[in-house]
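Comments concern the structure below.
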Amino acid sequence: MKLRRAALGWSWRRLVSWLKLLLRPLKWLLLLPLLPLVLLWRRLPQLEPRMRVLLLRRMLRSLWRIRFRTGVMLLLIVITTLTGVMMAEFSRNGDAIYGEFYGETNLADLVVSTEDQYQPAANFSAACAAFGAAEVCETRLALDAQFLRDDGEWIAATLYGHAGSPAISSLWFSEGRAASSAGEAVIDRHVQEELGVGLGDTVTVSLAGKMQNYTVVGVANSPHHLFYVASSRTLIPQEGAYAVLYLPVAALAADAGLEPESRNMLLLDLPGTPAYDLQDTNEDEGVALRELKWELASALRDEGVEGALVGDRGSIHSVELLRQDLEGSRKSIPMTIFLLGAVSALVLAISMERLIRTQYREIAVMRALGFSAVEVRNHYLLVPLLLGSVGVTLGVALGAWFSVGMTSFYFDQWGIPLVRVAHYPDLWLAVAAGVMAIVMLFSLRPALHASRLTPLEVMGQREIKRTQAWAQRLTAWMPVTMGLGVRSTFRKPRRLLLTVAALGLALVILGGWLLTMSSMTGFMRDSLTEVEQWDAQAVFMPQQEQQMRSWAANHSGLEAEWVSVLPGSPAGDDRTFMVWGVGQFGDGGMHGFRLTEGELPQAGAQPVEVLVDQGVAEFLEWEPGEVVIVEIAGTAVEVRVTGITLELTRTLWLHRDDLVAITGWEMVNLVMLRNVDDAALEELEQQALVTRHDDLVAAFDSSMEKYQAIIYTFLVIGAAIAIAVLVNTLIINLTERDAELATLRVLGASKWRLSGVLLVEHAIIGLAGGVIGVAVAIAASRWMVAVFTTWLFHFPLFIDWMVALYLFLFILIAALATTLIGTWRIRRMDLVKSIQEFSQ
Amino acid sequence: MSLVVLEGVSRIYEMGGERIHALDDFSLTVEEGAIVLLVGPSGSGKTTLLNMISALDAPTSGSYHFGGELVPHDDVEAMTAFRRRNVGYVFQFFNLLGDLTALENILLVQELTSGRDEPRAKELLALVGLAGLEERFPSEMSGGQQQRVAIARSLAKTPRLLLGDEPTGNLDSETTRQVMEVLVDACRAEKITAVLVSHDHALERYATRVISIDSGKLVEDRPGELATVKGAVKEAGRSSRKALKSLAEKARQFSQR
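Just so you know, the protein sequences line up as chains A and B, in that order.
So for the first sequence, my numbering puts the first residue at 528; every next one is plus one.
So for the second sequence, my numbering puts the first residue at 64; every next one is plus one.
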């Protein structure tokens, strides 16, 4: 089991952590390869200025002569720099945008919730005073309700009541003013955008079983609802399925039939912005804050506030999810720049080698005339210097331009009102320096090789390379024309290795991204379509249980599975999961379990048996058979993990009776329904937060469509790079064989026969590149999953072999298609000129 | 019979705005079995003439008949097919394919036309004096050996015409002698007409006809040494010595058995 888990991702996560630790102090060494540039610049003054201009002109003409390849090299450098600048600026702008918005709205540092156990405001205030560490404390009332849409559909809603003008987690108004009296409400800006409600409109809400009408007096964003979902269990926003309103607390309490001083939330603003433990790191950044939270919990208990959950910013679903989303982008930047840079640099190195080879005689002449080795080396270092300088400049300009679009597009998706896009020259410099460093480093070898050539070596004889002995043996039985293609491929093993390496790296981006996305979307879709066997799900307050059961009894034919859902966490850990107490495991249950290890729990066992989801198991290193301590709704209990299941969110599953035994609280707050008709659901929507299965799936598909632009952008970039690498390298192979191909043409070989030779060669490269590319893509996708999965958002990697096959075929077909370029070159071949060159 | 008939052939190139008459109203007839040497200074049009004859290039004006038939001049693939069927080519720098052995270089050309014939390929290598070196790669051979392989390759499809552009330009005098003897013997044995371009007048002794060309025009057309009585006697003597040498070698091998 351990080995299998290691194969699934454990070892990769650890490897990534170790690499990060190792590389942290080394990042400054990235600047080291720039040293040759400094030395080069110091050397250049040794040459007479007009000579330098002549040499520069010579190099520019050489690059113009091979302008297609020059263009490809330039394009790759531009893409690398563009992507790096775009992602780096996006990441920093994201930090600034969130920082500004949370700063302007004074996002709470600590959040206390008692869910549906209402407390007098005075108890909260007394606890806050006893705690003493907060600058400001504010209470709130948060109630679940239903909102009536214009089309007559009821949707889930949350109503917040606050006293006066909130100073903590305040509202950011885009229109209107705060609600100040009964019958007034401020709507969240998402409600305005998704449901078309505006200032002055009257909205209808079903609250505690009674209809209420409110006049909209303001439209605002809340820092708690930028990621706009009805429940912290949801990762997929559903447009038009949720409404948030903000009212004066006294009016809200009255409308809900509660005491005027009823509260169930306490927000605290601490001095500064204390660090809190991040769920996606192994370090504990919030040690000091944890102590404060314990003190606060103790103070709350002392003031009679029982069952309070004390959380920090990490427990605010919207804040944490958006933070992790941005963090995911940031984590990928260095590796993306390195990979893209390595691909560009490899292609540049291969092209430089070829250029130098065609200029052997000229180099020999230069050396015979008296140019030193250093001068020859520096002359060829002009290639990466020129292309790199132009490429990074264009890349920075384009990256800065695209970052505006990317940032605006991304934050518009969340409806964040403050989107200020700034540009950061220090990031431009860092990315440009990184790219130049990689490019110069890879170009050193060919330049050094050119500098070491002596006139005698070059002029003494014409170089005839022979094939590898094993290639000769392998092809001895084949028709010579076919065997020639095979031997040509392996004539230069180093070149072949570099080609395949560059192709493999190119596929890290395309293939890794493709496999990761297909795995993620496939997993999420399967989780929604295959695992959830219900037609609708309703969440309600425990007090409404009788009401719900009556409703169910009134509708014969429907199937209902009653569930208790409570918050939980590992003992002594801030990370939280949802605890599901279900009536049934296995056949008949409306939630299917995809066991990866172990077995389903049995009811009534001691200790209590539970299933955990794979994310919980991986992050907490729990294994089937292990006994662990968890806290469920404030009660610590030992449980035995019997199995691991695949779930979208972090969850722990046990029999409902066992859950009742642990908490001492017999209640249900969720029901899964099957065979329920629309009319019944509409009736239910007035009382509970109802999610229809079809709507959930449609929302997921809609979310994926929104992200398609970003997904396809990365795919297109990856595909363009892969094709550029392949075409560039194969063209170099072709040009190297011009003399050979011309000879065969003079001897009478038809272009189709020669195309056949090239086809064999390209097929071998395509096959090798395809196999290695797919292997590299699989490794890359494992790395991506290890880096990007977090406590909040975890998904396993399932290799979609059809996608892998498409990747393989993509490379193979691209390689075979390059034969057309070869055929075109053969057709265009000037044999008269070739004959002249043979004689020279 | 006349194998090659060029009538009033001209070839004009445009270069840097200037019209260059590489060949100017050139007429030539080459009989079957002849070994023709084209000589002339650099830029005289020798290579251009060779390109016309081999259908590597098309004349600007005039006509070219080969074996009584008009040679294609406006379709690249038709010209290639003509070359494939009728012409063997020997280059100055051998232009062997480095990935193929000596034998495979010959088999390659056979595959272009009639199909693989390994015994025939070995026979050709023996004809040029390279029996036993079938599995050697070009990088493992001397210049002279490589050129002999190139000659064997050019004979692989039993062409009617063998063309050579400075076939000994890259060889020393002794190797030149060896290669030319091999070439002449091979042409005679296979009954192949040869047209060779060279700036080396010493090769005249191997030719039945010497054509001097300058500025794209025919300057002189005279018999080569091989066509004279003196040359024929010399050649007979050489052939006899070669035959005797071969006989002696066979006797030695027989006695050793």
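Virtual Cβ for every residue (Gly too), placed ideally from N, Cα, C.
Enclosing alpha helix (DSSP H) for residue i [first to last residue]
i                       : result
residue 1232 of chain A : 1220 to 1263
residue 1214 of chain A : It is not in any alpha helix (DSSP H) - residue 1214 of chain A carries neither H nor E in the DSSP assignment.
residue 865 of chain A  : 844 to 885
residue 1015 of chain A : 1007 to 1017
residue 1286 of chain A : 1278 to 1315
residue 976 of chain A  : 952 to 979
residue 796 of chain A  : Run containing residue 796 of chain A: none in the alpha helix (DSSP H); it sits in the beta strand (DSSP E), 792 to 796.
Assumed close pair residue i, residue j - CB separation to whole angstroms, cut-off 8 Å
i                       : j                       : result
residue 1286 of chain A : residue 1339 of chain A : Rounded, the Cβ-Cβ distance is 12 Å, inconsistent with contact.
residue 840 of chain A  : residue 803 of chain A  : 6 Å
residue 1322 of chain A : residue 1050 of chain A : 5 Å
residue 1169 of chain A : residue 1126 of chain A : 6 Å
residue 670 of chain A  : residue 686 of chain A  : 5 Å
Residue i and residue j closer than 8 Å at C-beta
i                       : j                       : result
residue 1255 of chain A : residue 878 of chain A  : yes
residue 242 of chain B  : residue 110 of chain B  : no
residue 1039 of chain A : residue 834 of chain A  : no
residue 1113 of chain A : residue 1088 of chain A : no
residue 1397 of chain A : residue 716 of chain A  : Nothing in the structure corresponds to residue 1397 of chain A, since chain A is present only between 528 and 1367.
residue 820 of chain A  : residue 637 of chain A  : yes
residue 1054 of chain A : residue 1327 of chain A : no
residue 674 of chain A  : residue 770 of chain A  : yes
residue 1195 of chain A : residue 1072 of chain A : yes
residue 1308 of chain A : residue 1043 of chain A : yes
residue 621 of chain A  : residue 853 of chain A  : yes
residue 1091 of chain A : residue 1183 of chain A : yes
residue 155 of chain B  : residue 232 of chain B  : yes
residue 937 of chain A  : residue 617 of chain A  : yes
residue 1066 of chain A : residue 692 of chain A  : no
residue 1261 of chain A : residue 874 of chain A  : no
residue 1097 of chain A : residue 1147 of chain A : yes
residue 1229 of chain A : residue 766 of chain A  : yes
residue 635 of chain A  : residue 794 of chain A  : yes
residue 763 of chain A  : residue 1036 of chain A : no
residue 1033 of chain A : residue 965 of chain A  : no
Start and end residues, beta strand (DSSP E) containing residue i
i                       : result
residue 1369 of chain A : In the structure as shown, chain A starts at 528 and stops at 1367, and residue 1369 of chain A therefore has no counterpart that could be examined.
residue 257 of chain B  : 256 to 260
residue 773 of chain A  : 769 to 775
Practice problem: Kindly confirm or deny that the stretch 1178 to 1191 of chain A and the stretch 1344 to 1360 of chain A touch, where touching means at least three C-beta pairs closer than 8 Å. | Solution: no
Practice problem: Report the residues of the stretch 164 to 179 of chain B with a CB closer than 8 Å to any CB of chain A, ordered along the chain. | Solution: 164, 167, 170, 171, 172, 174, 175, 176, 179
Exercise. Please determine if the stretch 1263 to 1276 of chain A and the stretch 604 to 615 of chain A are in contact, where contact requires at least 3 C-beta pairs separated by less than 8 Å.
Key: Output reads no: the stretch 604 to 615 of chain A does not touch the stretch 1263 to 1276 of chain A.
Practice problem: Determine which residues of the stretch 243 to 277 of chain B have a Cβ less than 7 Å from any Cβ of chain A, and write them out in chain order. | Solution: Here the close residues number zero.
Exercise. Output, in sequence order along the chain, the residues in the stretch 1272 to 1306 of chain A whose CB is closer than 8 Å to any CB in chain B.
Key: 1272, 1273, 1274, 1275, 1276, 1277, 1278, 1280
Quiz item: Quick check: the stretch 279 to 286 of chain B against the stretch 89 to 104 of chain B, are there 3 or more CB pairs under 8 Å?
Solution: yes
Quiz item: Taking any Cβ of chain B, which residues in the stretch 1014 to 1025 of chain A have a Cβ under 8 Å from it, in chain order?
Solution: Against chain B - using a Cβ distance shorter than 8 Å - the residues of the stretch 1014 to 1025 of chain A are 1014, 1015, 1018.
Quiz prompt | the stretch 126 to 134 of chain B in contact with the stretch 78 to 89 of chain B per 3-pair CB rule at 8 Å | solution = no
Quiz item: According to a CB-to-CB cut-off of less than 9 Å, which residues of the stretch 81 to 114 of chain B neighbour chain A?
Solution: Here the close residues are 110, 111, 113, 114.
Self-check item: Residues in the stretch 1255 to 1268 of chain A having any Cβ partner in chain B nearer than 9 Å
Solution: Flagged, chain order: 1266, 1267.
Quiz item: Taking Cβ-Cβ distances below 8 Å as the criterion, which residues of the stretch 874 to 896 of chain A are in contact with chain B?
Solution: none
Quiz item: Do three or more CB pairs link the stretch 185 to 197 of chain B to the stretch 225 to 232 of chain B at distances below 8 Å?
Solution: no
Quiz item: Got a sec: which bits of the stretch 904 to 923 of chain A sit with their beta carbon under 8 Å from any beta carbon on chain B, in order along the chain?
Solution: none
Quiz item: Does the stretch 1294 to 1309 of chain A come close enough to the stretch 151 to 171 of chain B to have 3 or more Cβ pairs within less than 8 Å?
Solution: no
Practice problem: Could you tell me whether the stretch 157 to 167 of chain B touches the stretch 1002 to 1018 of chain A, where touching means 3 or more Cβ pairs closer than 8 Å? | Solution: yes
Quiz item: Do three or more CB pairs link the stretch 744 to 752 of chain A to the stretch 704 to 723 of chain A at distances below 8 Å?
Solution: yes
Quiz prompt | Stretch-stretch touch, CB-based, cutoff 8 Å, three pairs: the stretch 960 to 968 of chain A with the stretch 621 to 637 of chain A | solution = no
Practice problem: Evaluate contact between the stretch 780 to 789 of chain A and the stretch 638 to 656 of chain A, counting only Cβ atoms and requiring at least three cross-stretch pairs below 8 Å. | Solution: yes
Practice problem: For the stretch 223 to 244 of chain B, enumerate the residues whose C-beta is nearer than 7 Å to any C-beta of chain A, in chain order. | Solution: 228, 229
Quiz item: Residues in the stretch 1122 to 1139 of chain A with C-beta within 9 Å of chain B's C-beta atoms, listed in sequence order?
Solution: none
Quiz item: Does the stretch 995 to 1002 of chain A touch the stretch 1269 to 1281 of chain A, meaning 3 or more C-beta pairs lie closer than 8 Å?
Solution: Counting C-beta pairs closer than 8 Å gives fewer than three between the stretch 1269 to 1281 of chain A and the stretch 995 to 1002 of chain A, which falls short of the contact rule.
Quiz item: Taking contact to mean at least 3 C-beta pairs separated by less than 8 Å, is the stretch 1076 to 1084 of chain A in contact with the stretch 793 to 802 of chain A?
Solution: no
Quiz item: Taking three-plus beta-carbon pairs below 8 Å as touching, is the stretch 1197 to 1216 of chain A in contact with the stretch 1128 to 1138 of chain A?
Solution: no
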